[in-house]
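Below is one structure, written out as structure tokens, with a few remarks after it.
Protein chains: 2
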Amino acid sequence: MTYERVAAEDIDQVLAELPGWELRQDGKAITKTFKFRNFVQAFGFMTESALAAERLNHHPEWFNVYNRVDVTLTTHAVSALTSHDLKLAKAIDRAARSRSN
Amino acid sequence: MTYERVAAEDIDQVLAELPGWELRQDGKAITKTFKFRNFVQAFGFMTESALAAERLNHHPEWFNVYNRVDVTLTTHAVSALTSHDLKLAKAIDRAARSRSN
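As they're listed, the protein sequences go chains A and B.
Under UniProt numbering, the first residue of the first sequence is numbered 1, with each subsequent residue one higher.
Under UniProt numbering, the first residue of the second sequence is numbered 1, with each subsequent residue one higher.
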């Protein structure tokens, strides 16, 4: 698989298209925290995101406690932010929009 | 809901019944790391654990990256380890045993 790295000069534009996502301090990942009404909604969101991740063959790092899910996206294979992360971020945002918070 | 705290003098016996679980340094939580064959197996495990958690009305803190799941169990309401955590730990262990690693 080839990875298209996000060039440093493109980061601002990329983030403008991904509301709520922030660049991690090392510039190699993006992060976002999602909050839902309860655990069922949070885990429903995780399930929908997991299916998208598997379809993209690109998976999140994520932490969940009750109604909160902290998501980090990075491409381990190249230790950088790539187009795979952006695709997954959009899919995860779609999963969040379809749920109660 | 009432919570039965695990008394300090009972911790060793409790951990002996929960192989692989370790007491967090502050004594208020137990933790265990699970590894599976791939993301599908890891998320399958999380899904089975999530259903058990919802049934028990007691939820984990957990972090997942690809085939790894780090689980922390504590009872936030009383800031202590309680019988709820032990029940959930056993259910989570059952979910892990039924999956490939």
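Using N, Cα and C, we set each Cβ at its ideal position, and we do this for glycine too.
Owing to the predicted nature of the structure, the values given are computational and were not obtained by experimental measurement.
State yes or no: is the beta carbon of B:Val6 nearer than 8 Å to at least one beta carbon in chain A?
Residue-level contact by beta carbon fails for B:Val6 and chain A, as no gap is shorter than 8 Å.
Taking contact to mean 3 or more Cβ pairs, one atom from each stretch, closer than 8 Å, check whether the segment 39-48 of chain A and the segment 87-100 of chain A are in contact.
As far as the Cβ criterion goes, the segment 39-48 of chain A touches the segment 87-100 of chain A, which means the pair count is three or higher.
Since B:Tyr66 meets chain A, which of its residues come closer than 7 Å, beta carbon to beta carbon?
For a Cβ distance threshold of 7 Å, residue set His59 of chain A lies close to B:Tyr66, ordered along the chain.
Amino acids of chain B, ordered along the chain, whose beta-carbon sits closer than 9 Å to that of A:Val40:
Simply Ala50, Glu54.
Select from A:Ser83, A:Asn101, A:Ser100, A:Arg99 the residue whose C-alpha is nearest the C-alpha of A:Glu17.
Its Cα nearest to that of A:Glu17, the residue A:Ser83 stands out among A:Ser83, A:Asn101, A:Ser100, A:Arg99.
Do the segment 30-46 of chain B and the segment 53-62 of chain A meet, that is, are 3 or more Cβ pairs less than 8 Å apart?
Yes, since at least three Cβ pairs between the segment 30-46 of chain B and the segment 53-62 of chain A fall closer than 8 Å, the two stretches touch.
Output yes if chain A places a C-beta closer than 8 Å to the C-beta of B:Thr82; else output no.
Residue contact with chain A for B:Thr82: absent (no Cβ-Cβ distance below 8 Å to any residue of chain A).
Residue closest to A:Thr31, alpha-carbon to alpha-carbon, out of A:Arg99, A:Ala80, A:Leu73:
Closest by C-alpha distance to A:Thr31, out of A:Arg99, A:Ala80, A:Leu73, is A:Leu73.
Answer with yes or no whether the minimum CB distance from A:Trp62 to chain B is below 8 Å.
Yes, because at least one Cβ of chain B sits closer than 8 Å to the Cβ of A:Trp62.
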